[in-house]
Structure formats: structure tokens, C-alpha cells
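Report on one structure; see the data block that follows.
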Amino acid sequence: MNDAAPAPTPAPAPRKRARVRAPELIGKGGWLNTGGKDLTLADLRGKCVVVDFWTFCCINCLHVLDELRELEEKHRDTVVIIGVHSPKFVHEAEHAAVVDAVERYEVHHPVLDDPELATWKQYAVRAWPTLVVIDPEGYVVAQHAGEGHAHAIAKLVEELEAEHAAKGTLRRGDGPYVAPEPVASDLRFPGKALLLPSGNLLVSDSTRHQLVELAADGESVVRRIGSGERGFAGDSFSEPQGLALLPDGRVVVADTVNHALRVLDLETGAVETVAGTGRQWWQGSPTSGPALEVDLSSPWDVAWWQGKVWIAMAGVHQLWTWDPAEGTVEVAAGTTNEGLHDGPAAEAWFAQPSGLAAAGDRLWIADSETSALRYVHPTDTGYAVTSAVGTGLFDFGHRDGDAAQALLQHPLGVTALPDGSVAVCDTYNHALRRYDPATGEVSTLATDLREPSDAVLVGEDIVVVESARHRLTRLRLPEEAVRVDAVAHRTQRAATEVAPGTLRLDVVFRAPSGQKLDTRYGPSTRLLVSSTPPELLAGGEGAGSDLFRELALNPDVTEGVLHVSAMAASCDDDPANEYPACHVHQQDWGVPVRVTADGASRLPLVLAGMDDEG
């Protein structure tokens with residue numbers, strides 16, 4: 044009799060995933076930045092291709108554009124980045140608007156305009172932004188949703204370069220990008236404007252990374268402030284947006300892509316950084332403290348209210364404040380969850396707040412991704428958030444009348460009017476709208492504006508920043524509003540059909556090559572689930588550290604939206620390195636679902652890697 048313990052059963056070998064050929068890139072809008080040539084995947088064979096599914100309304104997509112710049116430059120002869128523009132809003136499906144966005148955000152790679160989401164559907168994309176990596180032989184090798192993946196893609200590119208150079212399947216040389224001809228104008232996609240005590244106007248000339256002071260006529264250039272090159276040193280800016288006058292006469296600037304607040308001395312022209320580090324805020328970073336030591340995330344507008352500068356922190360769906368007297372910043376409202384939820388400031392949800400206007404005891408907010416007008420107001424216990432117009436992430440349009448049923452489309456600016464009403468730059472409707480709190484009515488003040496992004500009162504006139512016409516437009520405030528035929532829209536994204544009962548949610552995350560999950564300070568992953576309406580989920584909502592969840596669907600609710608927020612932290616896996624570099628990967632999904640008898644019982648959402656069960 045042999046008393047030796049039996050040998051342990053070897054673990055089964057991981058299933059080798061079948062190689063998937065990348066679907067063709069097709070889009071009714073055609074190609075940009077290629078010199079007029081249509082591209083196919085065959086044209087890209089021999090290159091490492093990174094396909095970036097984006098839409099220009101999405102702040103996370105804009106973050107990824109910035110993340111990819113270094114990769115684009117460093118691997119210029121082996122990597123081709125292809126932007127596939129996949130619209131959320133109706134306006135974003137207009138080809139001219141995509142052309143404008145490619146210039147506005149300095150996209151220096153080919154872009155496919157896919158207004159009908161044809162390629163989005165072929166690649167089974169579920170979120171903006173999503174990055175798909177295709178190897179030089181035309182096979183999909185990785186997929187990443189959300190932000191924070193540039194380091195992982197850079198590592199993968201290096202491995203693909205080595206592998207395919209050895210196989211002889213790597214083709215070096217210039218890619219298919221052809222730069223468009225530059226256009227001369229005094230302003231290029233201006234963002235926000237400010238009336239100065241002198242009567243002149245200060246404008247953030249966002250695409251040129253400058254501030255421009257214009258004479259009172261709104262046309263004659265008095266001076267330019269900033270180097271005109273993207274940067275953070277000295278007086279350089281990077282896509283500046285919001286402007287606000289401080290009580291001491293200086294101007295605070297939302298230096299959006301530098302993730303900072305700067306202050307301009309109008310007398311000397313000197314620029315000083317007063318908040319932010321130049322780094323983007325990530326989950327787990329401090330949310331208060333000395334202003335120059337705390338990271339910010341895409342501040343889009345600023346306003347002086349209640350003795351502080353309030354900041355529309357578009358990148359994390361919050362409002363923050365900067366206290367110049369104390370030299371500190373802190374979160375003032377919002378949880379970082381994306382959506383529309385009112386109540387106490389600490390519990391409210393925003394979706395890319397992009398415009399602010401102080402008016403007495405209210406701070407008005409243009410909450411762009413929910414197509415909403417909202418406001419913050421003091422309470423006995425602090426502050427609260429209330430929505431005046433707008434219902435959520437997926438409903439938008441141009442509809443006047445009672446505010447409860449009125450619709451906007453991605454507003455970026457808001458202006459308090461002398462009579463107590465509010466003008467809204469209804470950006471994607473190319474209109475100036477008005478909300479009257481006294482009557483609860485929404486009307487249209489002007490149409491035929493091109494992507495208005497801000498407006499300022501000058502006497503009895505209102506001066507509108509027509510961002511996509513590269514100018515300021517002066518309007519006389521009308522006594523009567525324009526009548527516009529009502530138009531209502533919902534996002535083009537098809538609902539995911541799910542089976543009734545229990546739905547298995549799997550967030551797929553594979554640590555990038557050479558990295559491991561960072562468990563030094565506790566769980567390295569986080570999952571937060573909720574729904575609209577809340578009754579959609581009978582169980583499974585809330586926070587947890589596992590990236591999977593059993594969701595119980597309410598049999599009485601047949602459709603809604605699942606809100607899923609996931610985060611994973613990974614570190615370089617090198618025992619010899621005492622201080623390995625660590626990286627945060629995060630994404631928020633809003634997944635429209637419809638409950639049907641033959642729907643899926645599993646919902647996979649890819650954060651990084653490939654879905655082995657897909």
C-alpha cells in the first residue's frame with residue numbers, strides 16, 4: 044500500500060482564445076485627415092493600429108486624446124491611431140460638426156466619421172471612450188474602455204513591434220495622416236468670455252491656447268496673452284475655458300487641459316498658477332487641501348459666488364471651490380457618479396458641468412451631458428442641488444414650454460439676466476434659450492447661432508460666443524421669444540436586451556503585461572452599480588470590491604439604464620523595484636437595457652483585456 048499523498052491535480056491550461064479578425068472600418072461620413080483618401084484595414088496592414096471610439100461631447104474622450112499624444116509621437120513610424128467618431132447627440136452626427144471638433148481638439152490622426160454607429164456596432168463597443176488594438180496582421184489583440192490605459196497600450200505596442208519585426212510583418216514608415224490647411228482668423232473655437240471693468244471683452248481662444256482681449260466692439264484685438272503653444276510653464280495655457288473676475292480685479296482662468304486654475308493680472312499681463320498640479324485627478328486622490336498640492340480634472344468654468352471661486356469640474360462630474368484667502372480647494376458638490384440626481388450637495392450627481400453663473404442665492408449650472416439647467420442654493424445645513432430643466436443622460440432635443448417637459452441639447456453656457464431669468468447657451472441646438480423661474484417656462488431667444496458656448500451681458504445687449512463660427516455675436520435681448528417647432532430625441536444607442544430575473548454583470552479586467560493588481564493598501568478594484576429608474580434593480584445595487592455582481596431585475600420594470608462605475612489599480616510587477624509605478628484604470632458606463640424573454644443573462648463590460656466568454 045502506498046501511503047504517499049496523491050499528486051495534486053494540475054490546473055487546466057487556460058483556454059486559448061481564437062484570434063479575431065478586426066472588422067472593416069466603415070462610416071457614412073467618410074474620412075478626415077487623410078487628404079481625401081478612404082482608408083481600409085488592408086491599407087494599415089503592417090502597422091500597430093489603435094482604434095479610438097470617441098465622441099466630441101465626452102470629457103473622458105478628450106482626456107484619452109491627450110493621453111494618446113505621447114504614444115502617437117513616440118511610435119510615429121509603427122503606430123497608426125484611427126479615431127472613429129461615434130455620436131451620442133444628434134448634432135454630433137453632422138459631418139461639419141465632426142470636422143470642427145477634429146480641428147478644435149487638435150486631432151492629428153485619421154478620423155472616420157461614423158454617424159450611424161456602424162463600426163461601433165461591428166466592434167460591439169458599449170462605452171465612450173473605447174480603445175481597440177489591432178496587430179500588424181489585422182487581428183484584435185486588446186480592448187480598453189475608459190481612461191488611464193495609455194501606459195498599457197504603450198507596453199503592448201512595444202511587444203507587438205518586437206514580435207512582428209522578428210516575423211517580418213512590421214512595416215515602418217509614415218502613416219496615412221495628412222494635416223489640413225490652417226485657417227487664418229482672430230479667434231479659433233473660442234470658449235468663454237468675460238466683460239472687463241474697462242468695457243473690453245476677454246475671450247478664451249481655446250484651440251490657440253491663448254486669452255484674447257478685444258475692444259468694446261467685440262472684434263478689434265487689443266492684445267493676446269499666452270505663448271500660443273500648448274504648455275503649462277510661464278504664460279502658456281492648454282485649451283483654456285472659463286473666466287471670472289475676482290474682487291481684487293484679477294481674472295481667474297480655468298486652464299482646462301492643464302487641470303489647473305491660473306490667475307491673470309490685467310495690469311501687468313502676468314499669469315500665476317493658483318490651484319492644481321498639472322496632473323489629472325484620479326479616484327483615491329485627495330479632494331481637499333492646499334490648492335497647489337491637489338490634482339484637478341478638466342475645470343471648464345469658474346464663477347465667484349459666496350466668497351469663493353466655484354469650479355465646474357467637468358472631468359469628474361463635480362463642483363469644487365477655491366478659497367483665495369485660505370489658498371485651499373475642496374469638493375463642494377457631486378459624488379463623481381455621472382447622471383442627474385438632486386438633493387444635498389454631497390449626494391448630487393452631475394454629468395460634465397460646463398457653465399456657471401452666479402445670481403443672488405443661486406449658482407446656475409449648465410450640466411451638459413444631461414442636457415440640463417440646474418442650480419446650487421444654500422440650505423440650513425449647507426447646500427443643495429435642484430434641476431430646473433432636464434431629465435437625464437439620454438433625453439434631449441429642442442422643446443419650449445413648461446420646464447418639466449422642455450428639452451435642451453448639450454448646453455455649455457449659462458448667463459443670469461437682469462429680470463431674474465436665465466439665458467442658456469443651448470450649444471448643440473445652435474440656440475440661445477431662456478428659463479424663467481417665476482413662470483417655470485422655457486423659451487427660445489435666438490436661433491442660427493453656431494455652437495454657442497457662453498454669453499455675457501453688455502448694457503442692453505447680450506454678446507454670444509459663437510464657438511464654431513470663431514466670433515462674438517452681439518444680440519439685442521428680444522422682448523418676445525422665438526417660436527421653435529418642438530423636436531425630441533433619444534440617444535441612438537440601441538438598448539441591450541437582457542433576460543428577466545438575475546443578470547450576471549462582469550467587468551472584464553486583465554492587468555496589462557508586466558503589471559499586477561495593486562493590493563498593498565487593500566482591494567485594488569471597485570465596482571459601483573445603480574439604475575434609472577431606481578426600481579429597475581430589485582437587488583445588486585451599491586458599492587463593492589469585486590468586479591462581478593449578480594443583479595436582480597425587477598419584474599415590474601421592463602426598461603431603464605444601468606449605471607456602472609469600475610476602477611482597477613495595477614502596478615509594475617518588478618520585485619527589484621522598491622517603488623513600482625502604479626496606474627489607475629477607470630470607466631463609467633450608462634447601459635440602456637430592455638428586459639425581454641430571450642435576452643442575455645450575462646452583461647460583460649470590458650475595462651481592459653478581452654472577454655474570454657465572449
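Using my numbering, read the sequence shown as starting at 44 and increasing by one per residue.
Glycine included, each C-beta is placed from N, C-alpha and C at the ideal position.
Assigned with DSSP and collapsed to three states, Gly456 falls in strand. Within its own chain, the residues whose Cβ lies closer than 6 Å to the Cβ of Ala195, once the five positions on either side in sequence are excluded, are Pro555, listed in chain order. By the criterion of a C-beta distance shorter than 6 Å, Ser228 is surrounded in its chain by His513, once the five residues flanking it on both sides are discounted. Rounded to whole angstroms, the Cβ separation of Ala185 and Gly557 is 14 Å, and the two are not in contact under 8 Å.
Around the C-beta of Thr568, 16 or more other C-beta atoms lie within 10 Å, and the residue is accordingly described as buried.
Excluding sequence positions up to five before and after Ser328, its CB lies within less than 6 Å of the CB of Asp338, all in the same chain and listed in chain order. Ranked by how close their Cα comes to the Cα of Gly603, the residues Pro576, Ser588, Ala481 have Pro576 in first place.
According to the DSSP assignment, Gln558 belongs to the beta strand (DSSP E) that extends over 558-560. Apart from sequence neighbours up to five positions away, the residues of its chain that approach Gly321 with a beta-carbon distance below 7 Å are Phe275, Asn301, His302, Ala303, ordered along the chain. Separation of the CB atoms of Asp654 and Val551 is rounded to 5 Å, and the pair is thereby assigned contact status at 8 Å. Your pair Ser249 and Gln284 checks out as a contact, with CB atoms roughly 6 Å apart and the cut at 8 Å. If one requires a minimum length of 3 residues, the beta strand (DSSP E) runs lying completely within the segment 284-325 are 294-298, 303-307, 314-318, in chain order. Under the DSSP assignment, Cys468 falls in the beta strand (DSSP E) whose first and last residues are 465-469.
Judged by DSSP secondary structure, Ala193 falls outside any beta strand (DSSP E) and instead within the alpha helix (DSSP H) spanning 193-210. For Leu436, the closest C-alpha among the options Val175, Pro396, Thr424, His252 is that of Pro396. At a Cβ-Cβ threshold of 8 Å, Val508 and Asp497 count as neighbours.
Three or more Cβ pairs drawn from the segment 89-102 and the segment 168-182 lie within less than 8 Å of each other, which places the two stretches in contact. In terms of Cβ geometry, Leu594 and Leu571 do not form a close pair [threshold 8 Å].
With a cut-off of 8 Å on Cβ pairs, the segment 474-488 is in contact with the segment 431-451, counting three or more such pairs.
In the same chain as Val154, and ignoring 5 residues on each side of it, the C-beta atoms closer than 8 Å to its own belong to Trp74, Leu75, Asn76, Ile125, Gly126, Val127, His128, Val141, Val145, in chain order. For a cut-off of 8 Å, the C-beta gap from Leu605 to Val649 is around 15 Å, too long to register as a contact. In the three-state reduction of the DSSP assignment, Gly398 falls in the strand class. A direct Cα-Cα distance of roughly 32 Å separates Ile408 from His626. Across the set Pro598, Gly582, Thr601, Val600, the C-alpha of Gly582 shows the shortest separation from the C-alpha of Arg592.
Shown here, Ser486 sits in a strand according to DSSP, grouped into three states. Measuring C-alpha to C-alpha distances from Val264 to each of Leu244, His252, Gly277 identifies Leu244 as the nearest.
Inclusion of Pro172 and Cys104 in the CB contact set at 8 Å is warranted, their separation being smaller than that value.
Within the same chain, Cβ atoms closer than 7 Å to the Cβ of Ile69 are found at Ala161, Thr162, the five residues on either side in sequence being excluded.
Taking the CA atoms as reference points, Arg62 sits about 16 Å from His207. Secondary structure of Cys91 (DSSP, three-state): strand.
Annotation for Ile102: the continuous alpha helix (DSSP H) segment containing it runs 102-117. Arg645 is the residue among Asp599, Asp445, Arg645, Ala318 whose C-alpha sits nearest the C-alpha of Thr539.
According to DSSP, Ser241 shares a beta bridge with no other residue. For His128, the uninterrupted beta strand (DSSP E) run begins and ends at 122-128, by DSSP. Per DSSP, His138 is one residue of the alpha helix (DSSP H) stretching across 138-147. If you look at Lys164, you'll find it in the alpha helix (DSSP H) that goes 161-165.
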